[in-house]
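Protein chains in written order, with the working numbering: chain A, 121 to 351; chain B, 121 to 351.
Here you go:
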């Protein structure tokens, strides 16, 4: 039995709490960080609060025997002020009310010694099987990479959606292409998967496309076309 | 029985030929446009060649009784010089040797009259069930939108892959996030799905991210961050 306390009320905290509640050999409790001035730590205390609040919350924990971890991609392990510390970063986009299949979520783990790593790995194994040892420096880069494949990719979808809406085209026509684009890079590298007018240097099509875009869209189109051609 | 001739040797032509060969009530033949000076048309002649060559190939067809269509997203219907003309645009990314599930491919159809539309629709129905009537002006915009969700999104994956390789992080860690990002916009709009430091206006994280990127990556990061914040 691993005793776990989760601090936080956001999406990550709640999804983790729900999943761990169903896991065998785990006893779990969820605490709102804002209602307490001191927090009773546990065997593993998971701080799942906003990046800015991690350090302050870690200071409020009074029982300091256990392992204290945070769940952030962007914050180093040393933001935690504890003897035994670690990171338990689930690399997925969590949305309120949307179901998460933890079996597919990669867990990026970091600790300062092997014994704590084994403990954290045992916790991760109760949820899923995609477990990676990632240090703070790597995790910082991984977080930037995640911004490109999630936030910026989603903005590409927003632009496409805007173009469709403006021209009375159902956006759903693009779903299969969006899915195929995402799947293809699991079998060939994205560089090998690159196609399109930029890659082919098809200047006439590029010119036609630019005429159909607004100023913001044009600037993004031109910059990405330039870099696809240079890469 | 619909008699079909496919002109072209590229990915679209070959995938269409293979799929139509297996379909019932279709007789299909594939012709290389470069080996012939004149081409015998059929009940439906599908010109699946590069955009630049469509008009020239359409002129080389000698039997002009049938319906002649092209498969391009970027070319208008009037590039075809025939009495009965149309467009049969399968909106998907076709790769050599990669299997295509035509059941999921949206077919964007255009003709000049209802009778030809019914014929083209019957052909599309033998392959799949996602059929849309899209005129030349809409198709042109749809093609630009496809560049954003396919070509430009793939470039986001390329940058993420470069960051991972440089920092000895397995790119596969990002597969579940890539898939989830693609899936999410089928249940909520991309604008509602937008998350991340740009959306939250988290200037410290943005600053940290920029420090980890090369010049090209920085320029893309800054431009997309700006437009996410403005939108």
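Built from N, CA and C at the ideal position, the CB exists for glycine as well.
Can you tell me whether residue i is buried or exposed? The criterion is at least 16 other CB atoms within 10 Å of its CB, across all chains shown.
i                      : result
residue 179 of chain A : exposed
residue 182 of chain B : exposed
residue 226 of chain B : buried
residue 335 of chain B : exposed
residue 356 of chain A : Residue 356 of chain A is absent from the model: chain A starts at 121 and stops at 351.
residue 253 of chain B : exposed
residue 274 of chain B : buried
residue 115 of chain A : Summary: the structure shown does not reach residue 115 of chain A, with chain A confined to residues 121 through 351, and so no result is reported for it.
residue 278 of chain B : buried
residue 172 of chain A : exposed
residue 130 of chain A : exposed
residue 250 of chain A : buried
residue 235 of chain B : exposed
residue 310 of chain A : buried
residue 296 of chain B : buried
residue 201 of chain B : exposed
residue 300 of chain B : buried
residue 331 of chain A : exposed
residue 158 of chain A : exposed
residue 349 of chain B : exposed
residue 176 of chain A : exposed
residue 210 of chain A : buried
Going by DSSP, name the residue or residues bridged to residue i.
i                      : result
residue 165 of chain B : B/125, B/188
residue 147 of chain B : B/123
How is residue i classed by DSSP in three states: helix, strand or coil?
i                      : result
residue 308 of chain B : coil
residue 226 of chain B : coil
residue 253 of chain A : strand
residue 159 of chain A : strand
residue 181 of chain A : strand
residue 231 of chain A : strand
residue 207 of chain B : strand
residue 201 of chain B : coil
residue 302 of chain B : helix
residue 133 of chain A : helix
residue 278 of chain A : helix
residue 195 of chain B : coil
residue 243 of chain A : helix
residue 218 of chain B : coil
residue 289 of chain A : coil
residue 338 of chain A : helix
residue 152 of chain B : coil
residue 141 of chain A : helix
residue 270 of chain A : helix
residue 321 of chain B : coil
residue 175 of chain B : helix
residue 333 of chain A : coil
residue 345 of chain B : helix
residue 238 of chain A : helix
residue 212 of chain B : coil
residue 258 of chain B : helix
I want to check one thing, is the minimum distance from the CB of residue i to the heavy atoms of the ligand GTP below 7 Å?
i                      : result
residue 158 of chain B : As far as ligands go, the structure on display features none, and thus does not contain the ligand GTP.
Could you name the residues of chain B that residue i contacts, counting a contact when the two beta carbons are closer than 7 Å?
i                      : result
residue 313 of chain A : 274
residue 261 of chain A : 283, 287, 289, 332
residue 242 of chain A : Under the 7 Å cutoff, chain B gives no residues; its nearest Cβ is about 20 Å from residue 242 of chain A.
residue 268 of chain A : 276, 279, 280
residue 265 of chain A : 280, 283, 284, 294
residue 336 of chain A : 347
Anything in chain B within Cβ reach of residue i, meaning under 8 Å, just list it in chain order.
i                      : result
residue 157 of chain A : Residues of chain B passing the Cβ test: none, with the nearest at roughly 26 Å.
residue 234 of chain A : Going along chain B, no residue has its Cβ under 8 Å from residue 234 of chain A, so there is no contact; the nearest lies around 20 Å.
Rounded C-beta distance between residue i and residue j? I'm assuming under 8 Å.
i                      : j                      : result
residue 192 of chain B : residue 270 of chain B : About 15 Å separates the two Cβ atoms, so there is no contact after all.
residue 189 of chain B : residue 166 of chain B : 6 Å
residue 399 of chain A : residue 243 of chain A : Lying outside 121 to 351, the shown extent of chain A, residue 399 of chain A is not represented and no answer is given.
residue 305 of chain A : residue 308 of chain B : Contact doesn't hold; Cβ gap of about 23 Å is too wide.
residue 132 of chain B : residue 316 of chain A : At roughly 14 Å, the Cβ-Cβ gap does not stay under 8 Å, so residue 132 of chain B and residue 316 of chain A are not in contact.
residue 246 of chain B : residue 146 of chain B : 6 Å
residue 208 of chain B : residue 139 of chain B : Wrong, their Cβ atoms sit about 12 Å apart, outside the cutoff.
residue 161 of chain B : residue 186 of chain B : 5 Å
Report the neighbours of residue i on chain A: residues whose CB is nearer than 8 Å to its CB, in chain order.
i                      : result
residue 328 of chain B : 194, 260
residue 132 of chain B : The contacting residues do not exist; residue 132 of chain B stays about 12 Å from chain A at best.
residue 225 of chain B : 296
residue 175 of chain B : Under the 8 Å cutoff, chain A gives no residues; its nearest Cβ is about 13 Å from residue 175 of chain B.
For a contact meaning CB atoms closer than 9 Å, what does residue i contact in chain B?
i                      : result
residue 254 of chain A : 289, 293
residue 206 of chain A : Per Cβ cutoff of 9 Å: no residues; residue 206 of chain A is ~18 Å from chain B at best.
For a contact meaning CB atoms closer than 9 Å, what does residue i contact in chain A?
i                      : result
residue 212 of chain B : 296, 297, 300
residue 128 of chain B : Neighbours of residue 128 of chain B on chain A: none; closest Cβ ~16 Å, over 9 Å.
residue 217 of chain B : Under the 9 Å cutoff, chain A gives no residues; its nearest Cβ is about 10 Å from residue 217 of chain B.
Kindly list, in the order they appear in chain A, the residues whose Cβ is closer than 7 Å to that of residue i.
i                      : result
residue 343 of chain B : 339, 340, 343
residue 162 of chain B : None at all; the shortest Cβ gap to chain A is about 28 Å.
residue 249 of chain B : Those within 7 Å of residue 249 of chain B in chain A number zero; the least Cβ separation is about 12 Å.
residue 351 of chain B : 278
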